[in-house]
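So that you can map any letter, position 101 of the sequence shown is 83 in our numbering, and since no number is skipped, the others follow by simple counting.
Have a look at the structure below, then the notes.
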Amino acid sequence: MDAIPKEEEPLLTALEGGVLTLTLNRPARLNAMSQELIGLIIEQLDRALVEPGVRAVLITGTGRGFCAGADLAGSGVGTVMGPDGKPDLGLVMERLYNPMIRAIRELPKPVIAAVNGVAAGGGANLALACDIVLAARSARFDQAFVRISLVPDLGGTWFLPHIVGDARARALGMLGQSVPAEEAERIGMIWQVLDDEALLPEAMRLASRLAAGPTLSYAAIKRALNAAATNTLDQQLDLERDSQRQLGRSADFKEGVAAFLAKRPAHFTGQ
């Protein structure tokens, strides 16, 4: 396991049993995303990409909130200026926020969000970018952008219609309405709601299960689902064919079949 970082660090990291846990650690600001915090998250996602010992990633937050979105003060988005001296929000999106979301979606390993409290604005969409979202019963998801005359970002305008449908996406975006965790589960925005005290233990159990699973299969599933949003059925059938061809040649497939026939647990290695 990694050494325990100092409490004041904006991102706490721990690697245990193949699970890389990233804990947003700015509780005084409900873990609002500063430029430093985003840079650290990207660093750890890059680490997860290349380090074989990382087989799953778990993202959560300290304190009362998962993430309150962008830090509008301090070192937040409002401090990046364009040539005309006005804030250039597009520049910080291009340099930091968008690379972070792309890194989560393209990572060939499962990414789990454990939403422990309010997930507002970009914090909500950071959670929705993850592969599986668990939430504490007291959590809520808040597309707050319209309250400051902005558009949902960090993929929000893509995730919402794909996850909850066009009608709900438009209402959520334009009304800036909060969605309690149980309602988010009911409408398919997230996977599961858990009692507050059970959230982190259950999230770690799920992450550990995924870390012990067939990571090649997970990577192929992520690629296929990412492509499904724009592929035709014929294109998706071809993608599935190519994925099965590749996976069928893997040691994990051989092990999975052998374990199934022998009625024993499989031991996957990612090979």
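All C-beta atoms in this analysis are idealised placements derived from N, C-alpha and C, irrespective of residue type, glycine included.
Whole-number beta carbon distance between residue j and residue i, since they are thought to touch under 8 Å
i	j	result
G104	G51	4 Å
V256	M156	No statement about residue 256 is possible, as the shown extent of the chain runs from -17 to 253 and does not include it.
D135	N107	7 Å
L(-6)	R8	About 11 Å separates the two Cβ atoms, so there is no contact after all.
D70	A14	Their Cβ separation, rounded to whole angstroms, is 19 Å, which puts D70 and A14 out of contact at 8 Å.
N208	L221	With 8 Å as the limit, N208 and L221 do not qualify as a contact, their Cβ atoms being about 10 Å apart.
A121	A85	24 Å between Cβ atoms; not a contact.
A194	F250	7 Å
L22	P(-8)	6 Å
Of the listed residues the options, nearest to residue i (C-alpha basis)
i	options	result
I114	T42, Y79, P134 and V100	T42
D179	A240, G238, N98 and R84	The question names Asp, but residue 179 is Glu in the sequence shown. For E179, the nearest C-alpha among the options comes from N98.
R223	R205, A126, K236 and R152	R205
Q26	S16, F48, D135 and L(-3)	L(-3)
P90	R8, Q217 and A202	A202
F235	T197, N208, A211 and L215	T197
L188	A55, L116, A240 and G137	L116
E256	M15, A118 and C112	Because the chain here runs from -17 to 253, residue 256 falls outside it and cannot be looked at.
R77	V62, E88, I86 and D66	V62
H144	T44, A210, T251 and R84	A210
F141	N208, E(-10), L110 and I86	L110
R246	G238, G252 and V100	G238
T5	D148, Q174 and L182	L182
V100	P92, Y79 and A126	A126
E88	D28, G138 and V74	D28
V32	Q17, L2, G45 and R46	L2
P92	Q253, R37 and G138	R37
G259	P34, S190, V146 and L40	A question about residue 259 goes unanswered here, because the residues of the chain that appear run from -17 up to 253.
V74	T44, V39 and Q17	Q17
S199	A233, G45, W173 and C112	A233
Q228	G252, L40, V133 and A248	G252
F48	Q159, N80, G35 and A95	A95
W173	C112, S225 and F242	C112
A10	S131, R46 and A149	R46
G137	D216, P34, Y79 and G35	Y79
G72	G158, L192, V133 and A30	V133
I130	L192, A241, R152 and A102	A102
R191	Q217, S160 and A248	A248
Residues bridged to residue i [DSSP beta-bridge criterion]
i	result
V1	E(-2) and A38
L6	L(-7) and G43
A118	L176
P15	It is Met, not Pro, that sits at residue 15 in the sequence shown. According to DSSP, which records beta bridges pairwise, M15 is partnered with A52.
Any chain C beta carbon closer than 8 Å to residue i
i	result
F235	Among the protein chains of the structure shown there is no chain C, as only one such chain exists.
Q | 4-residue-minimum alpha helix (DSSP H) runs that sit fully inside the stretch 122 to 184, ordered along the chain | A | Runs of the alpha helix (DSSP H) lying entirely within the stretch 122 to 184 and spanning at least 4 residues, in chain order: 138 to 146, 148 to 157 and 163 to 168.
Q | beta strand (DSSP E) runs wholly inside the stretch 37 to 114, at least 3 long, in chain order | A | Correct list: 38 to 43, 47 to 49, 93 to 97 and 100 to 102.
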